[in-house]
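K.L.:
Sharing a structure with you now.
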Amino acid sequence: AQSVTQLGSHVSVSEGALVLLRCNYSSSVPPYLFWYVQYPNQGLQLLLKYTSAATLVKGINGFEAEFKKSETSFHLTKPSAHMSDAAEYFCAVRAFFTDFGNEKLTFGTGTRLTIIP
Amino acid sequence: GAGVSQSPSNKVTEKGKDVELRCDPISGHTALYWYRQRLGQGLEFLIYFQGNSAPDKSGLPSDRFSAERTGESVSTLTIQRTQQEDSAVYLCASSLASGGGRTDTQYFGPGTRLTVL
């Protein structure tokens, strides 16, 4: 079974500082990994995804994530935080069903990012 | 183009009543997913549709929950005899396809916030 663990349910950083949101995965097969962002009262929006190509994945809004197999990690980073980055961030791993070949996403519990002016 | 839409955006109901939640996926998307997001928790997978069939119902929490999809478009999630623990945001997502090793991006709707009194 696949799962993800997000360390830190709340993270606060100053505007302009580095953003680092941690995600570790567990998967019995090579994983596909995702980061989604949820702004208040909105649905989830895909930030970026790793699908076994380049290990450093660049996404929208200046975010990027690096897949590290040795550490089973897929941490999300942004060099300089902006006030508009305040949101909840979810890491997810693809769970693959071999019988129907269908897929679902298994999500972490989320990290709420607060930006301090 | 139009994204995934859900209705109602908010629903308050009394314990024991039945509720229906609606999801309109992006036109042409054959795969449709329902998730539940309880307060302070990650997303729980409920059910997945490929076309009009539901090969994976593993996430439905009890037999009070059911879902259907007609015409490879609209889906309804029905909760019978609602309980207070059903209070959550119910999110719908759609993707072009699923399975066969493909990992098409899931696009999420804004969700329906259900409150059971």
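Residue numbers (the numbering used here), protein chains in the order written: chain A, 231 to 347; chain B, 10 to 126.
Where a beta carbon is used, it is the ideal one built from N, C-alpha and C, also for glycine.
In this text the structure is predicted, and so the values were computed from the model without any measurement.
Note down the Cα distance separating Thr128 (chain B) from Arg31 (chain B), rounded to an integer number of angstroms.
P.N.:
Nothing can be reported for residue 128 (chain B): it is not among the residues displayed for chain B, which extend from 10 to 126.
K.L.:
Please report the distance separating the alpha-carbon of Tyr44 (chain B) from that of Thr79 (chain B).
P.N.:
Straight-line measurement puts the Cα of Thr79 (chain B) at about 19 Å from the Cα of Tyr44 (chain B).
K.L.:
Can we say the segment 336 to 344 of chain A touches the segment 71 to 89 of chain B, given the rule of at least three CB pairs closer than 8 Å?
P.N.:
no
K.L.:
Below 8 Å, can you find three or more Cβ-Cβ pairs linking the segment 47 to 58 of chain B to the segment 13 to 22 of chain B?
P.N.:
no
K.L.:
Checking contacts by CB at 8 Å: is Tyr57 (chain B) closer than that to chain A?
P.N.:
Closer than 8 Å: yes.
K.L.:
Please list the segments of the alpha helix (DSSP H) lying wholly inside the segment 39 to 96 of chain B, counting only runs of 4 or more residues, in order along the chain.
P.N.:
none
K.L.:
Assign Tyr269 (chain A) to buried or exposed, taking buried as 16 or more other Cβ atoms, counted over all protein chains shown, within 10 Å of its Cβ.
P.N.:
exposed
K.L.:
Just to confirm, are Gly289 (chain A) and Leu277 (chain A) a CB contact at a threshold of 8 Å?
P.N.:
yes
K.L.:
Note down, in chain order, all residues in the segment 37 to 64 of chain B with a beta-carbon under 7 Å from any beta-carbon belonging to chain A.
P.N.:
Tyr42, Gln50, Gly51, Leu52, Phe54, Tyr57, Gln59, Pro64
K.L.:
By DSSP, does Ser314 (chain A) sit in helix, in strand, or in coil?
P.N.:
helix
K.L.:
Taking Phe337 (chain A) as the query, report the chain B residues whose CB atoms sit under 7 Å from its CB, ordered along the chain.
P.N.:
Gly51, Leu52
K.L.:
Under the assumption that Thr91 (chain B) contacts Gly25 (chain B) (Cβ atoms under 8 Å), give the Cβ distance between them as a whole number of angstroms.
P.N.:
Yes, they are in contact, since the Cβ atoms of Thr91 (chain B) and Gly25 (chain B) sit about 7 Å apart, within 8 Å.
K.L.:
Shorter than 8 Å from the beta carbon of Leu100 (chain B) to some beta carbon of chain A?
P.N.:
yes
K.L.:
From which residue to which residue does the beta strand (DSSP E) around Thr275 (chain A) run?
P.N.:
A quick correction: the sequence has Gln, not Thr, at residue 275 (chain A). Per DSSP, Gln275 (chain A) belongs to the beta strand (DSSP E) from 274 to 280.
K.L.:
Cβ-heavy atom distance between Gln268 (chain A) and the ligand FAD below 7 Å?
P.N.:
With respect to the ligand FAD, the structure shown offers nothing to examine, as it has no ligands at all.
K.L.:
With a threshold of 8 Å on Cβ separation, who are the neighbours of Gly338 (chain A) within its own chain once the five nearest residues in sequence on each side are excluded?
P.N.:
Val234, Thr235, Gln236, Cys253, Phe320, Cys321, Ala322
K.L.:
Tell me the DSSP bridge mates of Asp33 (chain B)?
P.N.:
According to DSSP, Asp33 (chain B) bridges with B:Ser14.
K.L.:
Closest to Ser242 (chain A) by CA distance: which of A:Met313, A:Ser282, A:Ala325 is it?
P.N.:
A:Met313
K.L.:
Can you pull the chain B residues whose beta carbon is under 9 Å from the beta carbon of Gly238 (chain A), in chain order?
P.N.:
The contacting residues do not exist; Gly238 (chain A) stays about 14 Å from chain B at best.
K.L.:
In chain B, what lies closer than 8 Å to Thr343 (chain A) by C-beta?
P.N.:
Reading off the sequence shown, one finds Leu at residue 343 (chain A), where the question assumed Thr. Simply none; closest approach about 15 Å.
K.L.:
For Leu248 (chain A), which residues in the same chain have their Cβ closer than 8 Å to its Cβ, ignoring the five residues on either side in sequence?
P.N.:
Cβ-Cβ distances below 8 Å link Leu248 (chain A) to Thr307, Lys308, Pro309, Ser310, Ala311 in the same chain, with the five nearest sequence neighbours on each side left out; the list follows chain order.
K.L.:
Whose C-alpha, out of B:Asp27, B:Arg122, B:Val125, B:Lys20, is nearest the C-alpha of Asp72 (chain B)?
P.N.:
B:Asp27
K.L.:
Report the option in B:Leu41, B:Val83, B:Ser104, B:Gln46 whose CA atom is closest to the CA atom of Asp65 (chain B).
P.N.:
B:Leu41
K.L.:
Apart from the five residues on each side of it in sequence, which residues of its chain come closer than 8 Å, Cβ to Cβ, to Tyr262 (chain A)?
P.N.:
Sequence-distant partners of Tyr262 (chain A) (beyond 5 residues in either direction) whose C-beta falls short of 8 Å from its own C-beta, in its chain, are Lys279, Tyr280, Thr281, Ser282, Val323, Arg324.
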